[in-house]
Amino acid sequence: MKAITYAGYGDPSVLDVSDIADRTVGPGEVLVRLVAASVNPVDWKTTAGYLADYAPVEFPAVAGSDLSGTVVAIGDGVTGFRIGDDVVGSVAPFVGAFSELVPVSAAVVAPKPRGLAFTEAACLPTAGLTAVTCIRAVAPQPGDTVVINGAAGGIGGFATQLARSAGARVIGICSPNSTEYVQRLGAEPVAYGSGVTSRLPDLDPATTSIVDTHGGEQLADLVALAGDPARAVSVAAPEIQNLGGRYLVVAPNGGDLGELTEAVASGRVEVAVAQTFPIRDARQAYEYLRAGGVHGKVVLDASSW
Numbered sequence: 106m107k108a109i110t111y112a113g114y115g116d117p118s119v120l121d122v123s124d125i126a127d128r129t130v131g132p133g134e135v136l137v138r139l140v141a142a143s144v145n146p147v148d149w150k151t152t153a154g155y156l157a158d159y160a161p162v163e164f165p166a167v168a169g170s171d172l173s174g175t176v177v178a179i180g181d182g183v184t185g186f187r188i189g190d191d192v193v194g195s196v197a198p199f200v201g202a203f204s205e206l207v208p209v210s211a212a213v214v215a216p217k218p219r220g221l222a223f224t225e226a227a228c229l230p231t232a233g234l235t236a237v238t239c240i241r242a243v244a245p246q247p248g249d250t251v252v253i254n255g256a257a258g259g260i261g262g263f264a265t266q267l268a269r270s271a272g273a274r275v276i277g278i279c280s281p282n283s284t285e286y287v288q289r290l291g292a293e294p295v296a297y298g299s300g301v302t303s304r305l306p307d308l309d310p311a312t313t314s315i316v317d318t319h320g321g322e323q324l325a326d327l328v329a330l331a332g333d334p335a336r337a338v339s340v341a342a343p344e345i346q347n348l349g350g351r352y353l354v355v356a357p358n359g360g361d362l363g364e365l366t367e368a369v370a371s372g373r374v375e376v377a378v379a380q381t382f383p384i385r386d387a388r389q390a391y392e393y394l395r396a397g398g399v400h401g402k403v404v405l406d407a408s409s410w
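When you line the sequence shown up against the numbering used here, it's residues 106 to 410, in that order.
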């Protein structure tokens, strides 16, 4: 069977289309025939070795984390899924998704709604669940303000929509060439740059939350905008904890993922696909995402190898 593999850490050039032994299903797992996958920043960072201390990789490794496809086998102890079900999910930690057949824990898989395309579904597990975790943590009420640092990225785009659906006003900090995109998502855009917090509109600290997906030297100023530092969360900067805020680590969860897929299928949340690549062009997809300025998600089409 075919897979996107790498034999050692490095830039996207280490990725290859390889023939590997057929992968089989284990206890508690479903085996999924891959239809689409998405590329996340954590994928190229894992391949580059930036996360080696947190999630070391055994080589040769199959790249990738997020997937959608069809169940072709079911492991012992699995209930709730049948062969032929279309599903969405992710593997952990950040390796193993980009192959023709993918064994994945049934606990982190959700049914793909019939009206949701495989390409859209594959975009949801990492970025979408991270956004859900962030917005749930700050729990905006109607009329509150949520400032999202990195609003144009995969996580930020979902977080913007989720905060807006909760009735919050959203201020989206983004690059200058992303302001129109962030505005389309329903946020008030403010461009990155020196003194960014001084360029934000007047905010009531009592009703303001901070969601950071980007990090940066302005983090302390952003946390200070919230009257309660506990209403400032980050998935990009662990040092937020030194400022009284919370650093969030997101774990895959099939239940939350199912709620998110239904929200997309019903039209309450939209998936922005920035670019789709044939899976054999995974190197180019990694380079495209690594270059920055991507509005939405990068998808790999696994219909042909």
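Cβ atoms here follow ideal geometry from the backbone N, Cα and C, with glycine treated the same way.
Collapsed DSSP secondary structure at residue i in the structure displayed
i: R187; result: coil
i: S123; result: strand
i: R274; result: strand
i: Q323; result: coil
i: S299; result: coil
i: S314; result: strand
i: R128; result: coil
i: E97; result: Missing from the structure shown is residue 97; the chain here goes from 106 to 410 and no further.
i: Y393; result: helix
First and last residue of the uninterrupted beta strand (DSSP E) at residue i
i: E293; result: E293 to A296
i: S170; result: Element bounds for S170: n/a, residue is neither H nor E.
Buried versus exposed call for residue i [16 or more other C-beta atoms within 10 Å across all chains shown]
i: Q246; result: exposed
i: P230; result: buried
i: S280; result: buried
i: E344; result: exposed
i: P161; result: exposed
i: G277; result: buried
Residue i, enclosing alpha helix (DSSP H) - first and last residue
i: Y286; result: T284 to R289
i: R269; result: G259 to S270
i: V338; result: Taken as a continuous stretch (DSSP letters only), V338 belongs to no alpha helix (DSSP H), being part of the beta strand (DSSP E) at A337 to S339.
i: D386; result: No alpha helix (DSSP H) holds D386; DSSP gives it neither H nor E.
i: T224; result: F223 to A226
i: L362; result: G359 to A370
i: G233; result: P230 to V243
Only counting runs of 4 or more residues, tell me where the alpha helix (DSSP H) segments fall wholly within the segment 139-166, in order along the chain.
Entirely contained in the segment 139-166, the alpha helix (DSSP H) runs reaching 4 residues are, in chain order, 146-153.
Spell out a yes or no on whether the segment 256-267 and the segment 366-376 are touching, meaning 3 or more CB-CB pairs, one atom from each, closer than 8 Å.
Touching, yes, given that three or more Cβ pairs across the two stretches are closer than 8 Å.
Count Cβ pairs between the segment 288-296 and the segment 339-350 that sit closer than 8 Å; are there 3 or more?
No contact exists between the segment 288-296 and the segment 339-350.
Closer than 8 Å is the cut-off here; do at least three beta carbon pairs connect the segment 208-219 with the segment 184-194?
Touching, per the Cβ criterion.
Cβ pair count under 8 Å reaching 3, the segment 130-140 against the segment 236-254:
Output reads no: the segment 236-254 does not touch the segment 130-140.
Are the segment 120-127 and the segment 174-184 touching, with three or more C-beta to C-beta distances below 8 Å?
Touching, no, given that fewer than three Cβ pairs across the two stretches are closer than 8 Å.
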